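Visitor: I'd like to ask you about the structure that follows.
In our numbering, the protein residues as written are 1075 to 1510.
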């Protein structure tokens, strides 16, 4: 992952220092290189400043450095993430692809946005967040991938006090490090969200005054940092009731997805727990043509928590180059403070990811495939099966005569309606009132 940051504000040393503090705060996201760019002052006095921390995955040469400037138009981009279908998009550029300054995905995205503007957004397949400065129009486009895998946070300052109007970054901590927000305060709605969901649901963040772009959302701003338009560029495919995807169709889609994720100029690892999701990803990677699969499993001294046996069986069956990393209680405690500090926002799943990621990094890998999202995609959680049954029960209550029916419906609405600090609308339980 890389780290991106930017400010729309006055061309002052204070803003330049704030931008550098943001990139310094994201050094671990991009340890390979850093870069800065600043536009001339626009009409109205403000300029656009970009900062970037690079983790080199595609085109490891300096040609892939960012911020990247379009040689013909002068447009500029900073990108975090990867566009998986960049090779297809590159081919569609025709002769324009011959003059791209890099073989990676950033140059393809920059060229496409320079010629197609926001019309390119629905064609992108990948995990990404980026900021694109259109020099000719004097407008900034920020966007986030459809699934919301890569984060993008921002803060606005409509009053223009302190000589800045808009700032963005890949991490909340980077915006705090900039010291642009006076007296930052904890967001109580975020606390509620963490307790209910295990994470903070966008667009909320843990800090009042800092907001997250939603998945599949983009936003245009003018040269003074004023929002021109905020919109969703991505829609789910239409659901065709009665049509059922065959096993072969699902299998093909999964293999192609994993194959796309494996495009890299550096070696890849795989988190392997021995469970269904990670085992499926490892097997799909093998079937997608991976020459060598390096799998990693976190093991424990406590037998009731140790999944090493299952992971080892899967690794042997698939034929991976398998490594087991023992996490002792003492090692966990020794690194707990660092692990907690690595979390940009509170997360119930963050600690195990930290220890796995650290082990994979120490083994010399920058990129790893994981099974995250399998339960959400295929309804693996118990709550997914509970909800239809609960819905059926509520429908039965409606068959009761008169007062009992009204009382039951009223109680359900009170229980599951969202108060000011209650259930975010994205959660499954928050959808219950509409079903009653």
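Even for Gly, the Cβ is constructed at its ideal location relative to N, Cα and C. Quantities reported herein were computed from a predicted structural model and do not represent experimental measurements.
1) Under 8 Å by Cβ, that's how I've got residue 1372 and residue 1410 pegged, so tell me the actual separation to the nearest angstrom.
2) So, is residue 1388 buried or exposed, given that buried needs 16 or more other C-beta atoms within 10 angstroms?
3) Identify the residues that DSSP records as bridge partners of residue 1155: which are they?
4) Just tell me which of 1191, 1143, 1333 and 1152 has its CA closest to the CA of residue 1175.
5) How long is the line joining the alpha carbons of residue 1466 and residue 1453, rounded to whole angstroms?
6) Which of the three DSSP states is assigned to residue 1296 in this structure?
7) Beta strand (DSSP E) containing residue 1399: first to last residue?
8) So, for residue 1188: in the same chain, excluding its five sequence neighbours on each side, which residues have a beta-carbon less than 7 Å away from its beta-carbon?
9) Tell me the rounded alpha-carbon separation between residue 1434 and residue 1365.
10) Are there 16 or more other CB atoms within 10 angstroms of the CB of residue 1322, so buried, or fewer, so exposed?
11) State yes or no: is the C-beta of residue 1331 within less than 8 Å of the C-beta of residue 1346?
12) Taking the C-alpha atoms as reference points, what is the distance between residue 1207 and residue 1351?
13) What three-state label does DSSP hand residue 1105 in the structure shown?
14) With DSSP as the reference, please indicate the residues paired to residue 1142 in a beta bridge.
15) Report the three-state DSSP secondary structure of residue 1270 (helix, strand or coil).
16) Tell me whether residue 1221 sits in a helix, a strand or coil according to DSSP, three-state version.
17) Looking at the unbroken alpha helix (DSSP H) that takes in residue 1332, where does it start and where does it end?
18) List the endpoints of the continuous alpha helix (DSSP H) containing residue 1430.
19) Could you tell me whether the stretch 1377 to 1387 touches the stretch 1411 to 1430, using the rule of 3 or more Cβ pairs below 8 Å?
20) Would you kindly work out how many angstroms separate the C-alpha atoms of residue 1394 and residue 1252, rounded to a whole number?
21) Quick one: what does DSSP say residue 1082 is sitting in, helix, strand or coil?
22) Is it right to say residue 1279 is buried, meaning 16 or more other beta carbons lie within 10 angstroms of its own, or is it exposed?
23) Going by DSSP, name the residue or residues bridged to residue 1119.
24) Looking at residue 1167 and residue 1222, is the spacing between their C-beta atoms short of 8 Å?
25) Which residues in the same chain as residue 1499 place their Cβ atom closer than 6 Å to its Cβ, once the five residues preceding and following it in sequence are excluded?
26) What span of residues does the beta strand (DSSP E) with residue 1343 cover, start to end?
27) What first and last residue would you give for the beta strand (DSSP E) that runs through residue 1372?
28) Which residue wins for smallest C-alpha separation from residue 1158, given the options 1428, 1405, 1339 and 1391?
29) Please identify the residue among 1358, 1264 and 1431 whose C-alpha is closest to the C-alpha of residue 1421.
30) Can you tell me which residues form a DSSP beta bridge with residue 1286?
31) Tell me, to the nearest whole angstrom, how far the beta carbon of residue 1120 is from that of residue 1239; I am working on the premise that it is less than 8 Å.
32) Report the rounded CA-to-CA distance for residue 1161 versus residue 1460, giving the unit in angstroms.
33) Can you tell me the Cα-Cα spacing of residue 1440 and residue 1463, whole angstroms?
34) According to DSSP, is residue 1093 part of a helix, a strand, or is it coil?
35) Only counting the same chain, and skipping five residues up and downstream in sequence, which positions put a Cβ closer than 6 Å to that of residue 1182?
36) By Cβ distance, which residues of its chain are closer than 6 Å to residue 1212, with the 5 residues on each side in sequence left out?
Guide: To lay it out plainly:
1) That pair is no contact at about 15 Å.
2) Residue burial is scored here from C-beta neighbours: residue 1388 has at least 16 other C-beta atoms within 10 angstroms and is therefore classed as buried.
3) 1202
4) 1143
5) 18 Å
6) strand
7) Its beta strand (DSSP E) spans residues 1395 to 1400.
8) 1144, 1147 and 1149
9) Computed Cα separation, rounded: 19 Å.
10) exposed
11) no
12) CA-CA distance, residue 1207 to residue 1351, rounds to 39 Å.
13) Note: residue 1105 maps to strand in three-state DSSP.
14) 1151
15) helix
16) coil
17) 1321 to 1335
18) 1424 to 1436
19) no
20) Straight-line Cα distance between these residues: approximately 44 Å.
21) Residue 1082 falls in the strand class under three-state DSSP.
22) Looking at its Cβ environment, which holds 16 or more other Cβ atoms inside 10 Å, residue 1279 is buried.
23) DSSP, once it has assigned bridges, lists no residue as partnering residue 1119.
24) no
25) Its pLDDT being 46, under 50, residue 1499 is placed unreliably by the model, and the measurement read from it follows with that caveat. Correct list: empty, nothing qualifies.
26) 1342 to 1345 is the extent of the beta strand (DSSP E) around residue 1343.
27) Taken as a continuous stretch (DSSP letters only), the beta strand (DSSP E) holding residue 1372 covers 1368 to 1373.
28) Closest in alpha carbon position to residue 1158, among 1428, 1405, 1339 and 1391, is 1339.
29) Ranking 1358, 1264 and 1431 by Cα distance to residue 1421 puts 1264 first.
30) Beta-bridge pairing links residue 1286 to 1227.
31) 6 Å
32) 42 Å
33) 43 Å
34) helix
35) Around residue 1182: 1160, 1163 and 1164.
36) 1116 and 1297
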